[in-house]
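If you're matching them up, the sequences are chains A and B in order. Residue 191 in numbering that gives the first Met the number 0 is what sits at position 192 of the first sequence, and the numbering runs on without skipping anything. Residue 44 in numbering that gives the first Met the number 0 is what sits at position 45 of the second sequence, and the numbering runs on without skipping anything. Every residue gets a Cβ at the ideal spot worked out from N, C-alpha and C, and that includes glycine. No experiment lies behind these values; they were computed from the predicted model shown. The structure appears below as structure tokens.
There are 2 protein chains.
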Amino acid sequence: MSPELSPTPRSTVRKSARARTDRADLHAVLDAGLVAHLGVVVDGAPLVLPTTYGRVGDTVYVHASTGAPSLRAAAGHRVCLTVTLLDGLVYARSVFHHSANYRSAVLHAEARPVTDPQEKLAALRALVEHVTPGSWEHARGPSAKELAATAVLAIDTSEASVKVRQGPPVDDDADVEAGTAWAGVLPVTQSWGEPQPCALLPVEAAVPAHVRDRG
Amino acid sequence: MSPELSPTPRSTVRKSARARTDRADLHAVLDAGLVAHLGVVVDGAPLVLPTTYGRVGDTVYVHASTGAPSLRAAAGHRVCLTVTLLDGLVYARSVFHHSANYRSAVLHAEARPVTDPQEKLAALRALVEHVTPGSWEHARGPSAKELAATAVLAIDTSEASVKVRQGPPVDDDADVEAGTAWAGVLPVTQSWGEPQPCALLPVEAAVPAHVRDRG
Numbered sequence: 000m001s002p003e004l005s006p007t008p009r010s011t012v013r014k015s016a017r018a019r020t021d022r023a024d025l026h027a028v029l030d031a032g033l034v035a036h037l038g039v040v041v042d043g044a045p046l047v048l049p050t051t052y053g054r055v056g057d058t059v060y061v062h063a064s065t066g067a068p069s070l071r072a073a074a075g076h077r078v079c080l081t082v083t084l085l086d087g088l089v090y091a092r093s094v095f096h097h098s099a100n101y102r103s104a105v106l107h108a109e110a111r112p113v114t115d116p117q118e119k120l121a122a123l124r125a126l127v128e129h130v131t132p133g134s135w136e137h138a139r140g141p142s143a144k145e146l147a148a149t150a151v152l153a154i155d156t157s158e159a160s161v162k163v164r165q166g167p168p169v170d171d172d173a174d175v176e177a178g179t180a181w182a183g184v185l186p187v188t189q190s191w192g193e194p195q196p197c198a199l200l201p202v203e204a205a206v207p208a209h210v211r212d213r214g
Numbered sequence: 000m001s002p003e004l005s006p007t008p009r010s011t012v013r014k015s016a017r018a019r020t021d022r023a024d025l026h027a028v029l030d031a032g033l034v035a036h037l038g039v040v041v042d043g044a045p046l047v048l049p050t051t052y053g054r055v056g057d058t059v060y061v062h063a064s065t066g067a068p069s070l071r072a073a074a075g076h077r078v079c080l081t082v083t084l085l086d087g088l089v090y091a092r093s094v095f096h097h098s099a100n101y102r103s104a105v106l107h108a109e110a111r112p113v114t115d116p117q118e119k120l121a122a123l124r125a126l127v128e129h130v131t132p133g134s135w136e137h138a139r140g141p142s143a144k145e146l147a148a149t150a151v152l153a154i155d156t157s158e159a160s161v162k163v164r165q166g167p168p169v170d171d172d173a174d175v176e177a178g179t180a181w182a183g184v185l186p187v188t189q190s191w192g193e194p195q196p197c198a199l200l201p202v203e204a205a206v207p208a209h210v211r212d213r214g
């Protein structure tokens, strides 16, 4: 796949200063996020649900119970998968120019049900390792019954847009000169808290390194 | 409006143990979030875009430039607005039972363009005060030209669902007894960084309390 994103009318970013056109930027946003919002159309109306995901090359995978109605609405149909990372709140000198610093990726694709057992296993591994790195080796792997109860959808990243806003507010000159209001950025950061061991663990169970030292 | 959410087929939560049915729970999730994902249907396909929002009573407001195509696709049409708060990653003894702790709210409504000047101003105030509390009084208010360039949509919260997952992993008994894997929750927290003043501010400008002491 080309290292550059080739915008279609659907994936063209309006404010071009915020658009990123490298596939590497797309991968960076997808890899930094934990939760995506998956949009499907049900009876002509949009439905947007949060989901975790994983990436293998140019494909994003999501999963759900085989009984999930949203999954049935997505399989074989057009979907939109969006990942947004909020980096800061932008305080401007006017309320009009208030903004947010963020990175977002928007994928447009037909969701392909994954039926090949090898691809399905690789997709689930990518998903688990994206959300909880180290868990695929540490925890018990999926049984045949568990695999049968899990549906996986593949979402191709060919048609995608990436937007990034960063930096200070962009105010009108008159407001800057007036100097009556503060302006700047309040960064938003996400961090891990102290691991909370399950009460059913043996008392001597230590928090393993892949959880304790998660970056 | 009733203090209880009345699920429609669309807003019925499948895993009922995770469903919340109080309007107060809906408001709590909406008030705790900063970014929503708005789903619209464009040419039969879903489009999901991140946006900030504000709430006044039982109405959520979003805004955009009057020139934004996504806004034109939403105005007067069915939309889905989803707010998700990630609270933790759930490490289970099997990869199958890995999960996430989260709170989410999903609204289904027809997006109503706000044309009344008073409602529009109140909506923008709610939006600014939700994302950047204190800014409406501190910064310059919107000019007539800025108001004309801003479109506001109202999204009613009547048809809504709220889901909450919290607590430890739910593992199979055999995996708990085997005791071969760690299990627990890694909390995810969002916090503010140090305010970054705009370089064009007078050097003596102090960070105001509504930014410095933001809770």
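message: By the 9 Å beta-carbon criterion, what residues does the segment 185–208 of chain A contribute toward chain B?
response: Leu185, Pro186, Val187, Thr188, Gln189, Ser190, Trp191, Gly192, Glu193, Pro194, Gln195, Pro196, Cys197, Ala198, Leu199, Leu200, Pro201, Ala204, Ala205, Val206 and Pro207
message: Cutting at 6 Å between CB atoms, please list the residues of its own chain near B/Thr81, excluding the five before and the five after it.
response: Against the second sequence, residue 81 of chain B aligns to sequence position 82. His36 and Val105, listed in sequence order.
task: Output yes or no for whether 9 Å exceeds the beta carbon distance between B/Pro168 and B/Arg92.
output: For the purposes of this step, residue 168 of chain B is taken as the residue at position 169 of the second sequence. For the purposes of this step, residue 92 of chain B is taken as the residue at position 93 of the second sequence. Their beta carbons are under 9 Å apart, which means B/Pro168 touches B/Arg92 by this criterion.
field: Whether B/Ala110 touches B/Val39 by CB criterion (9 Å)
entry: On the second sequence, position 111 is the one that residue 110 of chain B refers to. On the second sequence, position 40 is the one that residue 39 of chain B refers to. The answer is yes: Cβ separation under 9 Å.
Positions along the segment 138–155 of chain B whose CB lies within less than 7 Å of some CB in chain A: Ala138, Arg139, Gly140, Pro141 and Glu145
field: Buried/exposed call for B/Ala205, threshold 16 Cβ in 10 Å
entry: As a position in the second sequence, residue 205 of chain B is number 206, starting the count at 1. The residue in question, B/Ala205, is exposed, as its Cβ has fewer than 16 Cβ neighbours within 10 Å.
- prompt: In or out: B/Pro196 buried (at least 16 other Cβ within 10 Å) or exposed?
  reply: As a working mapping, residue 196 of chain B is identified with position 197 in the second sequence. Per the 10 Å Cβ criterion, buried.
field: Cα-Cα separation between B/Val41 and A/Ser134, rounded to whole angstroms
entry: One-based indexing of the second sequence puts residue 41 of chain B at position 42. One-based indexing of the first sequence puts residue 134 of chain A at position 135. B/Val41 and A/Ser134: Cα-Cα distance of roughly 39 Å.
message: Quick test of the definition: if touching needs 3 or more C-beta pairs under 8 Å, does the segment 22–36 of chain A touch the segment 150–165 of chain A?
response: yes
- prompt: Less than 9 Å separating the beta-carbons of B/Gly53 and B/Glu145?
  reply: Start at 1 with the first residue of the second sequence, and residue 53 of chain B comes out as number 54. Start at 1 with the first residue of the second sequence, and residue 145 of chain B comes out as number 146. Result no, Cβ atoms of B/Gly53 and B/Glu145 do not sit closer than 9 Å.
message: Would B/Gly214 pass as an interface residue toward chain A - the criterion being a Cβ-Cβ separation below 9 Å?
response: Counted from its first residue, the second sequence places residue 214 of chain B at position 215. No - not a single Cβ of chain A is within 9 Å of the one on B/Gly214.
task: Compare the Cα-Cα distances from A/Val89 to each of A/Gly183, A/Pro141, A/Ala208 and A/His209 and report the closest residue.
output: As a first step, residue 89 of chain A must be located in the first sequence, where it is residue number 90. Nearest of A/Gly183, A/Pro141, A/Ala208 and A/His209 to A/Val89, Cα basis: A/Gly183.
- prompt: Counting along the chain, where does the alpha helix (DSSP H) carrying B/His36 start and finish?
  reply: In the second sequence, counting from the first residue as 1, residue 36 of chain B sits at position 37. From DSSP, B/His36 is part of no alpha helix (DSSP H) but of the beta strand (DSSP E) over Ala35 to Val41.
query: Which whole runs of the beta strand (DSSP E) in the segment 80–151 of chain A are 3 residues long or more, in chain order?
result: 98–109
message: Only counting the same chain, and skipping five residues up and downstream in sequence, which positions put a Cβ closer than 7 Å to that of B/Asp170?
response: Taking the first residue of the second sequence as 1, we reach residue 170 of chain B at position 171. Excluding positions up to five away in sequence, the list reads Ala91, Arg92, Ser93, His96 and Ala182.
- prompt: To the nearest angstrom, how far is it from the Cα of B/Ala74 to the Cα of A/Pro141?
  reply: Here residue 74 of chain B refers to the residue found at position 75 of the second sequence. Here residue 141 of chain A refers to the residue found at position 142 of the first sequence. B/Ala74 and A/Pro141: Cα-Cα distance of roughly 45 Å.
- request: State yes or no: is the beta carbon of A/Asp170 nearer than 9 Å to at least one beta carbon in chain B?
  value: For the purposes of this step, residue 170 of chain A is taken as the residue at position 171 of the first sequence. Judged by the 9 Å Cβ criterion, A/Asp170 is in contact with chain B.
- prompt: According to DSSP, what are the bridge partners of A/Asp155?
  reply: As a position in the first sequence, residue 155 of chain A is number 156, starting the count at 1. Answer is A/Thr58, bridged to A/Asp155.
query: How many angstroms separate the CA atom of B/Gly214 from the CA atom of B/Thr51?
result: Mapped onto the second sequence, residue 214 of chain B falls at position 215. Mapped onto the second sequence, residue 51 of chain B falls at position 52. Going from the Cα of B/Gly214 to the Cα of B/Thr51 covers about 18 Å.
task: Tell me whether B/Arg13 is buried or exposed, calling it buried when 16 or more other Cβ atoms sit within 10 Å of its Cβ.
output: Locating residue 13 of chain B in the second sequence gives position 14, where the first residue counts as 1. When all chains shown are included, B/Arg13 counts as exposed.
query: In chain B, what lies closer than 7 Å to A/Ser134 by C-beta?
result: Within the first sequence, numbered from 1, the residue matching residue 134 of chain A stands at position 135. In chain order: Tyr90, Val94 and His97.
Against chain E: residues of the segment 38–62 of chain B by CB proximity under 8 Å: No chain E is part of this structure, whose protein chains are labelled A and B.
message: As a quick exercise: from B/Ala138, B/Ala16 and B/Gln189, pick the residue whose alpha carbon is nearest that of B/Pro207.
response: Position 208 of the second sequence, counting from 1, holds the residue named residue 207 of chain B. That would be B/Ala138, whose Cα lies nearest to the Cα of B/Pro207.
task: Assuming A/Ala150 contacts A/His62 (C-beta within less than 8 Å), just tell me the rounded distance between them.
output: On the first sequence, position 151 is the one that residue 150 of chain A refers to. On the first sequence, position 63 is the one that residue 62 of chain A refers to. About 7 Å separates the two Cβ atoms, so the contact holds.
task: Check the Cβ of A/Val130 against every Cβ in chain B and list those closer than 9 Å, keeping chain order.
output: Walking along the first sequence from the start, residue 130 of chain A turns up at place 131. Under the 9 Å cutoff, chain B gives Leu88, His97 and Ala99.
- prompt: Would you say A/Arg13 reaches chain B, if we count a Cβ-Cβ gap shorter than 9 Å as a contact?
  reply: In the first sequence, residue 13 of chain A corresponds to position 14, counting from 1. At least one chain B Cβ lies under 9 Å of A/Arg13.
- prompt: With distances taken between CB atoms, is the gap from A/Lys162 to A/Arg17 smaller than 9 Å?
  reply: One-based indexing of the first sequence puts residue 162 of chain A at position 163. One-based indexing of the first sequence puts residue 17 of chain A at position 18. Yes, the pair counts as a contact, with Cβ atoms nearer than the cut-off.
task: Identify, in the order they occur along the chain, each residue of the same chain with its Cβ nearer than 7 Å to the Cβ of A/Leu126, setting aside the five sequence neighbours on each side.
output: In the first sequence, residue 126 of chain A corresponds to position 127, counting from 1. Closer than 7 Å at Cβ, skipping near neighbours: Thr51, Tyr52, Gly53, Tyr60 and His62.
- prompt: Cα separation between B/Val216 and B/Ser190?
  reply: Lying before the first or after the last residue shown, residue 216 of chain B is absent from chain B, which here runs from 0 to 214.
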